[in-house]
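Accompanying notes for the structure given below.
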Amino acid sequence: MRSRRVALATAAVLCGLLTSCTGEDGSDKPNVPDPSQSTVAPPPQEPLTAPEVDAGYKEILSEGPHRGVQQFGTIELPKGESWIKVNCISRSKPVDLEISLEGIGGFSLGCSGVEVEKDANQMNLKSPRKLHFTVVTEESVRWYVSIQVPKQ
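Below, the structure written as structure tokens:
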């Protein structure tokens, strides 16, 4: 009698295990989540690097990689065309990065948590200017900045 109960209990456990390995359609395939429905962002595809210097231009400021807020003191921008280039990425969520040029203004860009963001802003000054240059963002953001002017 006792061996019959053990046999029935064993059969019940095996039956439960076998049915838990079948798919919703009754097939022998277990349920596997669809990876295409994942909400997790893929890792960055390219490394964070400094902005490229364009042909015919020279850098008057090149900084990075840095995290968070950084003040650069006084820089001198020449009369005419100049470019401020920023490459950045956040460790997680999208975060804004702000560039401030005292006396002129500034701009902001979004730093993605998925891929390196590359931004370039052109300025045309009517006269040379000395000004304070500041980058403001969260500590989770890594960035490079480059200020480029035409070669003379």
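To convert, take the position in the sequence shown, counting from 1, and add 688; that gives the working numbering. Ideal Cβ positions, reconstructed from N, Cα and C, are used throughout, including at glycine.
Do you know how far the Cα of Leu765 is from the Cα of Leu819? Straight-line Cα distance between these residues: approximately 8 angstroms.
Can you check which of these residues, Val774, Ser828, Ser800, is closest to Ala808 by C-alpha distance? Nearest of Val774, Ser828, Ser800 to Ala808, Cα basis: Val774.
Would Ser778 and Val833 qualify as a contact pair, given that the criterion is a beta-carbon distance under 7 angstroms? In this structure, Ser778 lies away from Val833, with their beta-carbon atoms at least 7 angstroms apart.
Buried or exposed for Ser770, going by 16 or more other Cβ atoms inside 10 Å? Buried is the call here.
Residues of its chain near Thr822, where Cβ-Cβ distance is below 6 angstroms and the 5 sequence neighbours each way are ignored: Here the set comprises Gln759, Ser788.
Which residue wins for smallest C-alpha separation from Asn812, given the options Glu751, Val802, Glu790, Val837? That would be Val837, whose Cα lies nearest to the Cα of Asn812.
In this structure, what does DSSP give as the bridge partners for Leu813? Answer is Gly768, bridged to Leu813.
Sequence-distant residues of the same chain with beta carbon closer than 7 angstroms to Leu696, five excluded per side: Because the pLDDT of Leu696 is 49, which lies under 50, any placement of that residue in the model is unreliable, and the question is left without a value.
Bridge-paired residues (DSSP) for Thr737: Looking at the DSSP output, Thr737 sits in no beta bridge, so it has no partner there.
Might you give, ordered along the chain, the residues of its own chain that have their beta carbon closer than 6 angstroms to the beta carbon of Arg755, omitting 5 neighbours on each side? In its chain, beyond the 5 residues on either side, Glu827, Arg830 have a beta carbon closer than 6 angstroms to the beta carbon of Arg755.
Asp742 in three-state terms, based on DSSP: Look at Asp742 here: in three-state DSSP terms it is coil, with no helix or strand label.
Measure the Cβ-Cβ separation of Pro735 and Lys767 and say whether it is below 7 angstroms. No, the pair does not count as a contact, with Cβ atoms beyond the cut-off.
Put Ile777 into one of helix, strand or coil per three-state DSSP. If DSSP states are grouped into helix, strand and coil, Ile777 belongs with the strands.
Can you tell me whether Val701 is helix, strand or coil according to DSSP? Caution is warranted here: a pLDDT of 49 is assigned to Val701, below 50, making its placement in the model unreliable, and the coordinate value is therefore given only provisionally. Taken through DSSP and simplified to helix, strand or coil, Val701 comes out as helix.
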